[in-house]
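Visitor: Got a structure for you, written out below as structure tokens; questions coming shortly.
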Amino acid sequence: MLSFEQARQVILKKSAPVGIEQVTLLEAVGRVLPHDLVTPWDMPRWDNSAMDGYAVRSADCRQVPCTLKVSGYIPAGASGEGVKVEPGCAVRIMTGAPSPAGCDAIVSVEETDDGQLDVTLLQPVIKGQHVRLRGEDVASGSFFIRGGTIVRPPEVNILASFGKVLVDVYRRPVVAILSTGDELVELGGVPGPGEIINSNALSLAAAVAEMGCIPRIVGIARDTRESHLEKLQEGLNADVLITSAGVSAGDRDLVRDVLSELGVEQIFWKVGIKPGGPTAFAMFKTTPVFSLPGNPVSTMITFEEFVRPALLKMLGHQRVLRPTFKAVLREDIGKKPGKVQIVRVNLEFDEGNWFASSAGNQATAILKTMVDAQALAVLPAEGVFFAKGDEIDVHFYGNYCDRVEALQ
Ligand code: AMP
Ligand code: MG
Numbered sequence: 017m018l019s020f021e022q023a024r025q026v027i028l029k030k031s032a033p034v035g036i037e038q039v040t041l042l043e044a045v046g047r048v049l050p051h052d053l054v055t056p057w058d059m060p061r062w063d064n065s066a067m068d069g070y071a072v073r074s075a076d077c078r079q080v081p082c083t084l085k086v087s088g089y090i091p092a093g094a095s096g097e098g099v100k101v102e103p104g105c106a107v108r109i110m111t112g113a114p115s116p117a118g119c120d121a122i123v124s125v126e127e128t129d130d131g132q133l134d135v136t137l138l139q140p141v142i143k144g145q146h147v148r149l150r151g152e153d154v155a156s157g158s159f160f161i162r163g164g165t166i167v168r169p170p171e172v173n174i175l176a177s178f179g180k181v182l183v184d185v186y187r188r189p190v191v192a193i194l195s196t197g198d199e200l201v202e203l204g205g206v207p208g209p210g211e212i213i214n215s216n217a218l219s220l221a222a223a224v225a226e227m228g229c230i231p232r233i234v235g236i237a238r239d240t241r242e243s244h245l246e247k248l249q250e251g252l253n254a255d256v257l258i259t260s261a262g263v264s265a266g267d268r269d270l271v272r273d274v275l276s277e278l279g280v281e282q283i284f285w286k287v288g289i290k291p292g293g294p295t296a297f298a299m300f301k302t303t304p305v306f307s308l309p310g311n312p313v314s315t316m317i318t319f320e321e322f323v324r325p326a327l328l329k330m331l332g333h334q335r336v337l338r339p340t341f342k343a344v345l346r347e348d349i350g351k352k353p354g355k356v357q358i359v360r361v362n363l364e365f366d367e368g369n370w371f372a373s374s375a376g377n378q379a380t381a382i383l384k385t386m387v388d389a390q391a392l393a394v395l396p397a398e399g400v401f402f403a404k405g406d407e408i409d410v411h412f413y414g415n416y417c418d419r420v421e422a423l424q
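For the sequence shown, position 27 (counting from the first letter as 1) is numbered 43 according to our numbering, and the numbering increases by one without interruption.
Written out as structure tokens, the structure reads:
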């Protein structure tokens with residue numbers, strides 16, 4: 017049996033981006049840029065004014081107040097070509113307009129009498145003040161974005177500033193989702209005695225979509241070899257296949273056998289994690305195949321701990337694990353040795369420390385505790401008793417910090 021950490025390492029080693037595509041800047045938000053990008057021109061493209069005011073020669077303004085003749089005007093959008101600041105003169109200028117030849121400082125309008133023909137400066141002038149220099153933001157020929165960067169509004173802004181209409185981003189993997197079991201009824205149907213609704217397909221699709229991949233629900237494979245063959249084959253056309261249930265040791269658990277019949281190479285089966293012990297991982301050519309246990313809590317936790325990091329890597333992300341931090345336990349927790357235990361917890365932030373308490377009944381069949389939990393605690397395999405006051409590792413579950421006390 018692989019340890020939790022080993023299983024994750026193996027999965028991440030096998031996961032790689034599935035390609036690159038060109039999209040518009042708005043479609044690129046949240047996506048990852050694969051390439052280093054070099055500026056085609058200096059930004060700003062010319063020396064320009066940081067203020068509405070007057071372009072001056074600082075040598076003329078050693079003593080204040082001093083009065084200069086207003087010899088020209090450069091509004092925003094004007095080229096400023098042919099305009100020069102002669103000794104004893106000032107040129108009226110607007111923010112962002114090219115600073116004229118001869119000037120080495122800008123005086124803001126608030127530091128003058130705002131004169132039209134003559135202007136009187138009220139404050140001492142320092143050489144270089146309020147002049148933005150050509151290329152001071154990004155110089156031509158230098159990198160302005162590195163490969164691996166996630167596109168956010170600032171990246172959209174700099175890409176747009178350099179005139180990029182389309183950008184290369186890593187492609188979003190298509191993720192097939194297959195449920196297995198004779199007990200399943202599709203959402204919208206009425207479950208009879210012994211039947212349950214196929215809720216895993218929806219929650220897996222939601223998790224896949226939430227992180228920016230494309231879910232494709234394949235449906236239900238019934239507990240026969242033929243049904244599994246047909247549905248698994250369909251799922252293997254995607255970039256990633258996730259199955260739920262049918263992966264334990266029961267005589268109706270057919271997923272692994274039928275996958276191997278289809279030429280899928282099993283990489284591992286069983287991991288030292290609770291919940292989620294029967295998780296299997298396999299590869300079909302370049303397609304990762306995750307066989308997750310069917311119990312909804314186990315399905316969601318194994319998705320979170322194993323599938324999500326792999327999908328993030330496939331999307332081109334470099335940081336694929338959620339940040340883990342320490343929290344002080346509010347109560348004792350015991351566990352069996354040998355497996356990492358994932359505990360559904362709630363968090364509070366108080367006087368500089370995080371505190372964790374159980375979100376409720378930790379039995380794997382209790383779905384409500386998953387709904388109530390804000391975070392997951394990762395208790396190490398070797399530990400058996402964690403006392404109130406001990407520090408444990410936790411990470412958030414989901415992207416919604418608004419659920420955490422004291423973070424409002
Ligand atoms: P299995 O691994 O096939 O024994 O399934 C384990 C348990 O997971 C079953 O008892 C079901 O209650 C539950 N389960 C399996 N598939 C689903 C599903 N698609 N949606 C919700 N619950 C499921
Ligand atoms: Mg089953």
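C-beta atoms are modelled at their ideal positions from N, C-alpha and C, and glycine is treated no differently.
Does the Cβ of ARG268 lie closer than 7 Å to at least one heavy atom of the ligand MG?
Guide: Position 252 of the sequence shown, counted from the start, is the residue given in the question as residue 268. Within the cutoff, so yes.
Visitor: If you pair each beta-carbon of the region 105-113 with each one of the region 60-78, do three or more pairs fall below 8 Å?
Guide: yes
Visitor: Straight-line CA distance for TYR89 to ALA121?
Guide: As a first step, residue 89 is located in the sequence shown; it is residue number 73 there, counting from the start. As a first step, residue 121 is located in the sequence shown; it is residue number 105 there, counting from the start. Taking the straight line from one Cα to the other gives about 15 Å.
Visitor: I'd like the list of long-range same chain contacts for PRO33, defined as Cβ closer than 6 Å, with 5 residues on each side in sequence excluded.
Guide: Counting from one through the sequence shown, the residue named residue 33 turns up at place 17. TYR186, MET330, GLY332.
Visitor: If you follow the alpha helix (DSSP H) that LEU248 is in, where does it begin and where does it stop?
Guide: Within the sequence shown, numbered from 1, the residue matching residue 248 stands at position 232. Run containing LEU248: 241-251, per the alpha helix (DSSP H) assignment.
Visitor: Determine the direct distance from the alpha carbon of ALA155 to that of GLY163, and round the result to whole angstroms.
Guide: In the sequence shown, the residue the question calls residue 163 occupies position 147. In the sequence shown, the residue the question calls residue 155 occupies position 139. Spanning the two alpha carbons is a distance of roughly 18 Å.
Visitor: Suppose the cutoff is 6 Å on Cβ atoms and the five residues either side in sequence are ignored; what does the same chain contact list for LEU328 look like?
Guide: Counted from its first residue, the sequence shown places residue 328 at position 312. Closer than 6 Å at Cβ, skipping near neighbours: VAL336.
Visitor: Who pairs with GLU281 in a beta bridge, going by DSSP?
Guide: Stepping through the sequence shown from its first residue, residue 281 is reached at position 265. Answer by DSSP bridge pairing, in chain order: MET299.
Visitor: Distance check for ILE317 and PHE402, CA to CA, integer angstroms please.
Guide: Position 386 of the sequence shown, counted from the start, is the residue given in the question as residue 402. Position 301 of the sequence shown, counted from the start, is the residue given in the question as residue 317. Cα to Cα, PHE402 sits roughly 21 Å from ILE317.
Visitor: Mind checking whether ALA393 and ASP409 have CB atoms under 8 Å apart?
Guide: Here residue 393 refers to the residue found at position 377 of the sequence shown. Here residue 409 refers to the residue found at position 393 of the sequence shown. Cβ atoms of ALA393 and ASP409: closer than 8 Å.
Visitor: CB of GLY292 to nearest heavy atom of the ligand AMP: below 7 Å?
Guide: For the purposes of this step, residue 292 is taken as the residue at position 276 of the sequence shown. No, the ligand AMP has no heavy atom inside 7 Å of this Cβ.
Visitor: Does DSSP put LYS355 in a helix, in a strand, or in coil?
Guide: For the purposes of this step, residue 355 is taken as the residue at position 339 of the sequence shown. Three-state DSSP puts LYS355 in coil, outside helix and strand.
Visitor: From HIS411 to VAL271, what does the alpha carbon distance come to, in whole angstroms?
Guide: The residue you call residue 411 lines up with position 395 of the sequence shown. The residue you call residue 271 lines up with position 255 of the sequence shown. One C-alpha to the other measures close to 31 Å.
Visitor: Are the beta-carbon atoms belonging to LYS30 and MET299 less than 8 Å from one another?
Guide: The count along the sequence shown starts at 1 and reaches residue 30 at position 14. The count along the sequence shown starts at 1 and reaches residue 299 at position 283. Contact flag set, yes.
Visitor: Where does PHE412 fall in DSSP's three states?
Guide: Here the question's residue 412 lines up with position 396 in the sequence shown. PHE412 falls in the strand class under three-state DSSP.
Visitor: When you compare the CB positions of GLY205 and ALA261, do they come within less than 8 Å of one another, or not?
Guide: As a first step, residue 205 must be located in the sequence shown, where it is residue number 189. As a first step, residue 261 must be located in the sequence shown, where it is residue number 245. Result no, Cβ atoms of GLY205 and ALA261 do not sit closer than 8 Å.
Visitor: According to the neighbour-count rule (16 or more other Cβ atoms, all chains shown, within 10 Å of its Cβ), is LEU53 buried or exposed?
Guide: Taking the sequence shown and counting its residues from 1, one reaches residue 53 at position 37. It counts as buried.
Visitor: Kindly indicate which residue of LYS180, GLY279, ALA237 has the alpha-carbon position closest to the one of VAL263.
Guide: The residue labelled residue 263 in the question sits at position 247 within the sequence shown. With distances taken between Cα atoms, VAL263 lies closest to ALA237.
Visitor: Identify the residues that DSSP records as bridge partners of PRO304: which are they?
Guide: Position 288 of the sequence shown, counted from the start, is the residue given in the question as residue 304. Note: PRO304 sits in a beta bridge opposite MET299.
Visitor: How would the residue list near the ligand MG read, in chain order, if you kept each one whose beta-carbon is closer than 5 Å to any heavy atom?
Guide: GLY197, ALA261, GLY262
Visitor: If contacts are defined as beta-carbon pairs under 8 Å, then VAL305 and VAL280 qualify, I think. What distance do you get, rounded to the angstrom?
Guide: Sequence index remark: in the sequence shown, residue 305 carries index 289 (1-based). Sequence index remark: in the sequence shown, residue 280 carries index 264 (1-based). Confirmed, Cβ separation roughly 6 Å.
Visitor: Taking the Cβ atom as the reference point for each residue, do ASP184 and GLN38 lie within a distance shorter than 8 Å?
Guide: The residue labelled residue 184 in the question sits at position 168 within the sequence shown. The residue labelled residue 38 in the question sits at position 22 within the sequence shown. It is a contact, given that the beta carbons lie within the stated cut-off.
Visitor: Buried or exposed for GLU152, please, with buried defined as at least 16 other CB atoms from any protein chain shown within 10 angstroms of its CB.
Guide: Counting from 1 along the sequence shown, the entry for residue 152 is found at position 136. Exposed, because fewer than 16 other Cβ atoms sit within 10 Å of the Cβ of GLU152.
Visitor: State the Cα-Cα distance for the pair PRO84 and GLU126, rounded to the nearest angstrom.
Guide: Counting from 1 along the sequence shown, the entry for residue 84 is found at position 68. Counting from 1 along the sequence shown, the entry for residue 126 is found at position 110. The sequence shown places Leu at residue 84, not Pro. Cα atoms of LEU84 and GLU126: separation of roughly 16 Å, rounded to the nearest angstrom.
Visitor: Give me the residue from PRO50, VAL123, PRO81 with the minimum Cα distance to THR165.
Guide: As a working mapping, residue 165 is identified with position 149 in the sequence shown. If we check each option's Cα against that of THR165, PRO50 comes out closest.
Visitor: List the residues that DSSP assigns as beta-bridge partners of ASP134.
Guide: Along the sequence shown, one-based indexing puts residue 134 at 118. Partner(s): LYS85.
Visitor: Could you check how far apart the C-beta atoms of THR303 and LEU257 are, in whole angstroms? I think they sit under 8 Å.
Guide: Here residue 303 refers to the residue found at position 287 when the sequence shown is read from its first residue. Here residue 257 refers to the residue found at position 241 when the sequence shown is read from its first residue. That belief holds up - the Cβ atoms of THR303 and LEU257 are roughly 6 Å apart, short of 8 Å.
Visitor: Under 7 Å: does the beta carbon of LEU200 sit that close to some heavy atom of the ligand AMP?
Guide: Your numbering for residue 200 matches position 184 in the sequence shown. LEU200: yes, Cβ under 7 Å from the ligand AMP.
Visitor: GLY310: beta carbon under 7 Å from a heavy atom of the ligand AMP?
Guide: Within the sequence shown, the letter at position 294 stands for residue 310. Checking every heavy atom of the ligand AMP against the Cβ of GLY310, one is found closer than 7 Å.
Visitor: Using 10 angstroms around the beta-carbon of ARG324, count the other beta-carbons present and answer buried if the total reaches 16, otherwise exposed.
Guide: Translated into positions along the sequence shown, residue 324 becomes position 308. Counting Cβ neighbours within 10 Å, ARG324 comes out buried, since at least 16 surround it.
Visitor: Please report the straight-line C-alpha distance between VAL172 and ARG268, rounded to a whole angstrom.
Guide: For the purposes of this step, residue 172 is taken as the residue at position 156 of the sequence shown. For the purposes of this step, residue 268 is taken as the residue at position 252 of the sequence shown. When rounded, the distance between both Cα atoms is 51 Å.
Visitor: Taking 7 Å as the cut-off, is the CB of ILE161 close to at least one heavy atom of the ligand AMP?
Guide: Taking the first residue of the sequence shown as position 1, residue 161 is located at position 145. Not under cutoff, so the answer is no.
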